[in-house]
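Taken in sequence, the protein lines are chains Y, P, F and B.
The end of the first sequence is residue 343 by our numbering, with every number in the run present.
The end of the second sequence is residue 343 by our numbering, with every number in the run present.
The end of the third sequence is residue 343 by our numbering, with every number in the run present.
The end of the fourth sequence is residue 343 by our numbering, with every number in the run present.
Cβ atoms here follow ideal geometry from the backbone N, Cα and C, with glycine treated the same way.
These figures come from a predicted structure and were not determined experimentally.
Below is one structure; the comments refer to it alone.
There are 4 protein chains.
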Amino acid sequence: MTDLTGATAMSALRSLIAEREWAQFHSPENLAKSIVIEAGELLEEFQWSPDFDVDRVRLELADVLTYCYALADRLGVDPDAIILEKLEITRAKYPAETSRGRSAKYDQL
Amino acid sequence: MTDLTGATAMSALRSLIAEREWAQFHSPENLAKSIVIEAGELLEEFQWSPDFDVDRVRLELADVLTYCYALADRLGVDPDAIILEKLEITRAKYPAETSRGRSAKYDQL
Amino acid sequence: MTDLTGATAMSALRSLIAEREWAQFHSPENLAKSIVIEAGELLEEFQWSPDFDVDRVRLELADVLTYCYALADRLGVDPDAIILEKLEITRAKYPAETSRGRSAKYDQL
Amino acid sequence: MTDLTGATAMSALRSLIAEREWAQFHSPENLAKSIVIEAGELLEEFQWSPDFDVDRVRLELADVLTYCYALADRLGVDPDAIILEKLEITRAKYPAETSRGRSAKYDQL
Numbered sequence: 235m236t237d238l239t240g241a242t243a244m245s246a247l248r249s250l251i252a253e254r255e256w257a258q259f260h261s262p263e264n265l266a267k268s269i270v271i272e273a274g275e276l277l278e279e280f281q282w283s284p285d286f287d288v289d290r291v292r293l294e295l296a297d298v299l300t301y302c303y304a305l306a307d308r309l310g311v312d313p314d315a316i317i318l319e320k321l322e323i324t325r326a327k328y329p330a331e332t333s334r335g336r337s338a339k340y341d342q343l
Numbered sequence: 235m236t237d238l239t240g241a242t243a244m245s246a247l248r249s250l251i252a253e254r255e256w257a258q259f260h261s262p263e264n265l266a267k268s269i270v271i272e273a274g275e276l277l278e279e280f281q282w283s284p285d286f287d288v289d290r291v292r293l294e295l296a297d298v299l300t301y302c303y304a305l306a307d308r309l310g311v312d313p314d315a316i317i318l319e320k321l322e323i324t325r326a327k328y329p330a331e332t333s334r335g336r337s338a339k340y341d342q343l
Numbered sequence: 235m236t237d238l239t240g241a242t243a244m245s246a247l248r249s250l251i252a253e254r255e256w257a258q259f260h261s262p263e264n265l266a267k268s269i270v271i272e273a274g275e276l277l278e279e280f281q282w283s284p285d286f287d288v289d290r291v292r293l294e295l296a297d298v299l300t301y302c303y304a305l306a307d308r309l310g311v312d313p314d315a316i317i318l319e320k321l322e323i324t325r326a327k328y329p330a331e332t333s334r335g336r337s338a339k340y341d342q343l
Numbered sequence: 235m236t237d238l239t240g241a242t243a244m245s246a247l248r249s250l251i252a253e254r255e256w257a258q259f260h261s262p263e264n265l266a267k268s269i270v271i272e273a274g275e276l277l278e279e280f281q282w283s284p285d286f287d288v289d290r291v292r293l294e295l296a297d298v299l300t301y302c303y304a305l306a307d308r309l310g311v312d313p314d315a316i317i318l319e320k321l322e323i324t325r326a327k328y329p330a331e332t333s334r335g336r337s338a339k340y341d342q343l
């Protein structure tokens, strides 16, 4: 078994998938399904109340992130790079001056 | 406006949220809702077919990742660290020997 | 316990909720969260393959429907009536002539 | 065009699908994806606040219900019948005596 000490999340994920031969199940479509399935489990931690168990939420969030990283890798992109790319778009859509302290959608600002 | 050249995704996200005073909306519950909402939009790219537009998928995936990072930051944890934490659990649950090439849930192996 | 022989789904649901004093948890927001949580569980039946177990899918679909009925009742509307209302809108947006055999969104037709 | 006056929701839905030849897209898997996609749009009405616009929520709920009906029909089952079937299971899992006024999962009661 691979020693993961010091491994990055992406390299550890790749090892886990490779060792189990799971790439065959990881079509982009199946990964997109998996992301929303895990996101639903994360939301279940808040189903009846805004109160939450931080340990459970952390692990459910990790599941969502893991499938997001798997899909990013499958698309050949870096998670941080695409977040930065999208943040630039968000900055342009929601100028700080007009969107400060407002949760409205940009087309309603 | 902050110059983001060379910024990490997390620091760029923090700046964007701070400049717009959006932290007030970012309760863990609201972020969990946002993650599943964005995950649904990602899945919409695959609604009727496994074929997809890689540029659209990349941007939708970035939206899911962005809210995941915001929730991680709100919980005071690092996205990569919690992925690594959870991968260790997954390694134990799904030994490579018994789960190789199988998509079954660990309790069905 | 209420005898449900011959009861409609809505009246049986109302009895179940009333007997357990669950209405206090059923804010529209919590029911909307519940609907997407259960929808994720339904999708899990198709996570890695389009093949499915019809008995499991039927019960997961019933869970989604049950929370949809609970939300409809909370809003004071009838499930069938709002489906009919929305179908009229869909008919106008997607004329049979231009949308026949096409899955594209109406704004792309 | 079919005159829908007095039609049931299910028969109106069947006509709409048949006239547009959409059944070819309605595999159970695609309908399950569609249900969760629409459920995400419903939740979006509550993304930042429990306050909501009843007209928008009603139409988003109708979208979820419509795909639920389409999947039920595809499985050859009646929506009300499967709700009643599942309510019986829920009654047994959550006896009124032990679950009254509690939102906990049945295995935590």
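Around the Cβ of residue i, are there at least 16 other Cβ atoms within 10 angstroms (buried) or fewer (exposed)?
i	result
E255 of chain P	exposed
E279 of chain P	buried
G284 of chain F	Checking the sequence shown, residue 284 of chain F turns out to be Pro, not Gly. Its Cβ having fewer than 16 others within 10 Å, P284 of chain F is exposed.
I269 of chain Y	buried
V291 of chain P	buried
R325 of chain B	buried
K327 of chain Y	exposed
M235 of chain F	Interpretation of M235 of chain F is limited by its pLDDT of 47, a score under 50 that renders its predicted location unreliable; the figure taken from the coordinates is listed afterwards. Answer is exposed; the Cβ neighbour count stays below 16.
A252 of chain B	exposed
T332 of chain B	exposed
Counting only C-beta atoms, is residue i closer than 9 Å to chain B at any point?
i	result
K339 of chain F	no
F286 of chain P	no
M235 of chain F	Confidence at M235 of chain F is low in this model, with a pLDDT of 47, below 50, so the placement of that residue is unreliable and no value is reported for it.
Just the chain Y side, please: which residues come within less than 9 Å of residue i by C-beta, in chain order?
i	result
S245 of chain P	Going along chain Y, no residue has its Cβ under 9 Å from S245 of chain P, so there is no contact; the nearest lies around 10 Å.
Using a C-beta cutoff of 9 Å, does residue i count as contacting chain P?
i	result
R290 of chain Y	no
E331 of chain B	no
Below 7 Å on C-beta distance, what does residue i contact in chain F?
i	result
W282 of chain P	S337
Residue i versus chain B: which residues are under 7 Å apart at the beta carbon?
i	result
I269 of chain P	Neighbours of I269 of chain P on chain B: none; closest Cβ ~10 Å, over 7 Å.
R334 of chain F	R254, E255
E263 of chain P	Neighbours of E263 of chain P on chain B: none; closest Cβ ~10 Å, over 7 Å.
Beta-carbon of residue i versus every beta-carbon of chain F: anything under 9 Å?
i	result
K210 of chain B	In the structure displayed, chain B extends from 235 to 343; residue 210 of chain B sits before or after that span and is not available.
G310 of chain P	no
A241 of chain Y	no
A306 of chain Y	no
Listing by chain order, which chain B residues have their CB less than 8 Å from the CB of residue i?
i	result
I316 of chain F	R292, L293, L295, A296, L299
Looking at residue i and the ligand MG, is the gap between the Cβ and the nearest heavy atom below 8 Å?
i	result
E278 of chain F	Among the ligands in the structure shown, none appear at all, so the ligand MG cannot be discussed.
Would you mind telling me which residues of chain P sit closer than 7 Å to residue i, beta carbon to beta carbon, in chain order?
i	result
E278 of chain B	I271
Counting only C-beta atoms, is residue i closer than 9 Å to chain Y at any point?
i	result
I251 of chain F	no
E319 of chain F	no
E322 of chain F	no
Review point. Taking three-plus beta-carbon pairs below 8 Å as touching, is the stretch 309-328 of chain Y in contact with the stretch 294-306 of chain P?
Key: yes
Review point. Is it a yes or a no for the stretch 297-311 of chain Y touching the stretch 243-255 of chain Y, going by three-plus beta-carbon pairs under 8 Å?
Key: yes
Review point. Could you give the uninterrupted runs of the alpha helix (DSSP H) lying entirely in the stretch 241-305 of chain Y, keeping only those of 4 residues or more?
Key: 243-254, 262-278
Review point. Okay, do the stretch 258-265 of chain B and the stretch 273-292 of chain B touch, 3+ Cβ pairs below 8 Å being the bar?
Key: no
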